[in-house]
Structures are given as C-alpha cells and as structure tokens.
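A.B. asks: Per the working numbering, residue 12 is the first one in the sequence shown, and the count goes up by one each step.
Structure below; questions to follow.
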Amino acid sequence: MSKSAAFIPPGATLGVLGGGQLGRMFAQAAQSAGYGVAVLEADEAAPAAQVTGIHLAARYDDPLALDQLAHDCAAVTVEFENIPAHSMQWLESRVPLAPAPQALAVCQDRAQEKALFARLGVPCAPHAVLAASGGLGAVSTELFPGILKTARLGYDGKGQITVQTAADLPAAWAALGGVDCVLEKKLDLAYELSVVMARGRDGCSVLYEPQQNLHRDGILFASFSPGAPITPDIAEAAQNAAATVAEGLDYVGVLCVEFFALRDGRLLANEIAPRPHNSGHHTIDSCTVSQFELQWRTLVNAPLLAPRQHSATVMLNLLGDLWFDATGQQREPDWATVLAQPGAHLHLYGKHAPRKGRKMGHLTCTAATPAEARQTALHACTILGLEPF
Ligand code: ADP
Ligand code: MG
C-alpha cells in the first residue's frame, strides 16, 4: 500500500485480525469515535466478537473471510502477532494495513527481534540462537544459568524453560519440541519496564512514559505508572530505544517494547509487541489518549496527539485464578466491594470460562498520587484475595 495518508472519517469500518481482549478494547475505542469495526476471529464467543458489528468467524488464513475483510474495511490492524505471513501479505495488497507484514514478521520471532536490536545498537540480553535445522553446536558457558525460549508463539511465560547448566540444555530443548529457540542468559533484574508508543504513516511518533511491570510466574501481575524505581535517565533511554525500534522497522501503529533494568544499572531490551500491550491498559483511565485510541488514530491517519497522563495508576491483572476459592470451587469475585473503591476502574473481557492463568480482565486504580493509587490497589488485592505486591 502506498503511504498515502488520507484521513479516513468516522462512519468507515476498521478491521482487526484477532478477537481477544486487545481487539475488544480497540473496537470499543474506535466505536466511541463513530467507526464501525469488523473482527476476523474463529471463536464465536471471543471477547472482540461480542462487541463488533461485523464478526467474520473464520481462521486467519480463510480466503473468503480475508476477501470480505478487505472489502468491508477502510483499513485493517492486528491485535495478535501470530497472524500468518501470507494472510498479511494478501491483505496488504488490497487494503491499508498497519502494522506492515514485514514488521509483524520480526515481532513474531525472538531471534529476529534480537537481530534487530543488534542492528540498531539497542542493548539486549546475551543470547544464542538454536536453530531446529542446525542441531546443538557449542553454546557459551557464559549463558548459564539461562532461559531457553521458543523463538515463536511464546506468551505469558509459556514456551520457556530455565536451564541451569549446559548439560541440561539438550533435555530442555527436546522438551520444547526441538523447535527454533533462543537461549538467553538469566539476568539479575532490578525491575522491569515497558514503553508503549505509536507511529503514524507520516513517521511522527508519540510515546507514553514507561511503566514499571511486575510479573508473577511469567505473567504480568501489575503495572505501575509512574513506576517508583524508574529514574529520568532510564525513562529517557527506554523511550529512545523504543523510538529507535519503531524507526528501524518503519513501523506504523502502536508498539510496545519491554525492557529489563538490571541491578548493575544497565537497561536491556527484552521483546517487542506489535500492538497495544497489557502494560499500557492503564492509559484508558489515566491518560487523555489511550493506547487503543492511538491504534485507531494511526489506522485512520488522524493526528497522533501526545498523551497527557492525568492520574497516577496501578493496574492489576485479573486472572482466572480469582474465580476459584481455596478448595477449587468456582465463585464470582466480590465486584460490588471492588467497585466501591474510589478510583477503581473495572475492565472485564467477557470471557465465559475462567481458567487459572487466563486473563479475564484488569483493574486500573487511579489517584492523584502514586501512593494513593498504590493504597487502592493494595486494598483491591485484599478484597480479591490477591497476594499483595
Ligand atoms: P513472554 O512475555 O512472551 O512470555 P518474556 O521473554 O517477556 O516472554 O518473558 C516473560 C518474563 O520472564 C519476563 O517479563 C521476565 O519476568 C522473565 N524473564 C524473561 N527473560 C528473562 C531473562 N533473560 N532473565 C531474567 N528474567 C527473564
Ligand atoms: Mg514479555
């Protein structure tokens, strides 16, 4: 598609590939500005399918459904990085698409992400690429203890195994199916952070301040914005690195770069999400422009207004675990008490079957100060039975 940046006015239909919560929140944001939304998603009951006017219930590579999407939509985006490359290429030749297939391909593959970081001079973890076709060559002992990660399809800590020594590597690799992998040195993290940003077709970018991210069992547990340990220097370095990545990919759309802040003071890039990110959900309630509004703005070639954060916030993920009591009996969390907390904003994704580790929703606690937001979030933890942070 050409870089024509003609404004697509409200009333047009925007398409999204993928029907999860990110697609749902994209749709809700776009709809509130008067756009129609079409979602391509096989699952009839998917979170985004529940809220969009047009639901194409088909696989991401279904030719008829892709044809319908290209026909119905003025522009198309993704909420999920693992859209098949040929679907993306097919769409790109028929409808404005953001992000572009090439950018998505890099973000689908940890090995390619690492190569991009190296090419752009963005520091990342020491690592080795294990190619399924190549067999196990000599791997530097420097990388142990390490974390072996599948190059593709991993999320929420899935597709990862900690490997203590070189002797444990063959078994770990076999356990991951012998697929293409990246072995990363296990780092001594002081904390984690991420930068969400958007870049338009005209090359102009806007960035949020980084948020601090706390993971439990490889899944995001909470995001803090502002994040107490993030110094102005680290914030600037992280924003510069994210902007460098977006430029390097000639990226159009919303992008998130996750980072590790090490105890020795270094900042290393971890991975790239070519879409709005869980750690940016707070922007719905804490900023003048949310990450989902930026996503539709990039799609319709509207100006990307610099978001201003008006509230301090702590976001808590609501995993399916909350729907079970200590004996394993299913229950409904005490929403009435949660909703009585000033500054608590409840977001549930309409998923019907709670499962442990499944992201069912999130709770954003906003306040005038970080300390107050923290208090509200801690109180919510008590109400919900979450271990405090
Ligand atoms: P994904 O988010 O796709 O599951 P990540 O690579 O971001 O995969 O890993 C998930 C989490 O695991 C990270 O946010 C971090 O908490 C931890 N982790 C990942 N890689 C390392 C590493 N090299 N050293 C220390 N901790 C890590
Ligand atoms: Mg991650």
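We treat Cβ as the ideally placed atom computed from N, Cα and C, and that holds for glycine.
Predicted, not measured: the structure shown is a model, and the values here were computed from it.
1) Out of Ala143, Cys215, Ala378 and Ala40, which one is the CA nearest neighbour of glutamine 320?
2) How about leucine 77 and serine 98: do their beta carbons lie closer than 7 Å?
3) For cysteine 84, which residues in the same chain have their Cβ closer than 7 Å to its Cβ, ignoring the five residues on either side in sequence?
4) According to the Cβ coordinates, are proline 5 and glycine 331 closer than 7 Å?
5) Can you give the Cα-Cα distance for leucine 279 and alanine 69, rounded to whole angstroms?
6) Ignore the nearest five residues each way along the sequence and tell me which others in proline 20's own chain have a CB closer than 8 Å to its CB.
7) Sorted by chain position, which residues of the same chain lie with C-beta nearer than 6 Å to arginine 289's C-beta, five sequence neighbours on each side aside?
8) Should glutamate 398 be labelled buried (16 or more other beta-carbon atoms within 10 Å of its own) or exposed?
9) Mark proline 58 as exposed unless 16 or more other C-beta atoms lie within 10 angstroms of its C-beta, in which case mark it buried.
10) List the whole-angstrom C-beta distance separating proline 221 from leucine 204, where the pair is believed to meet the contact cut-off of C-beta under 8 Å.
11) Where do the N-terminal and C-terminal ends of the alpha helix (DSSP H) with isoleucine 245 fall, by residue?
12) Starting from threonine 309, trace the alpha helix (DSSP H) in both directions and tell me its first and last residue.
13) Checking the sheet assignment: what are the DSSP bridge partners for histidine 358?
14) Quick one, which of Glu90, Asp275, Ala56 and Lys125 has its alpha-carbon nearest cysteine 135's?
15) Is the distance from the Cβ of glycine 238 to the Cβ of glutamine 250 below 7 Å?
16) For glutamine 171, list the residues DSSP reports as bridge partners.
17) Any idea what DSSP makes of serine 290, helix, strand or coil?
18) Is isoleucine 283 helix, strand or coil when you go by DSSP?
19) So for lysine 196, helix, strand or coil by DSSP?
20) Would you kindly work out how many angstroms separate the C-alpha atoms of glutamate 52 and arginine 385, rounded to a whole number?
21) Rank Ala272, Lys367, Leu350 and Arg369 by C-alpha distance to the C-alpha of alanine 391 and give the top, closest one.
22) Any chance you could list the beta strand (DSSP E) runs of at least 3 consecutive residues sitting entirely within the stretch 103-141, in chain order?
23) Who's in the neighbourhood of the ligand MG, going by beta-carbon under 7 Å from any heavy atom, listed in chain order?
24) From the DSSP output, which residues share a beta bridge with glutamate 269?
25) Need the endpoints of the alpha helix (DSSP H) that arginine 35 sits in, please.
26) How big is the Cα-Cα spacing for histidine 226 and glutamine 32?
C.D. replies: The relevant details are as follows:
1) It is Ala378.
2) yes
3) Thr24, Leu25, Gly26, Ala49 and Val106
4) A question about residue 5 goes unanswered here, because the residues of the chain that appear run from 12 up to 400.
5) If I take the Cα positions, the gap works out to 39 Å.
6) Val311
7) This sequence places asparagine at residue 289; arginine is not what is there. Closer than 6 Å at Cβ, skipping near neighbours: Leu231.
8) By the neighbour-count rule (16 or more Cβ atoms within 10 Å), glutamate 398 is not buried but exposed.
9) buried
10) 4 Å
11) 243-259
12) Where threonine 309 is concerned, the enclosing alpha helix (DSSP H) stretches over 302-311.
13) His373
14) Taking only the C-alpha atoms, the option nearest cysteine 135 is Lys125.
15) Contact: no.
16) Paired residue(s): Lys160.
17) helix
18) strand
19) strand
20) 37 Å
21) The shortest Cα separation from alanine 391 among Ala272, Lys367, Leu350 and Arg369 belongs to Leu350.
22) 138-141
23) Glu269, Asn281 and Glu282
24) According to the DSSP secondary-structure assignment, glutamate 269 is paired through a beta bridge with Ser205 and Glu282.
25) Where arginine 35 is concerned, the enclosing alpha helix (DSSP H) stretches over 32-43.
26) 19 Å
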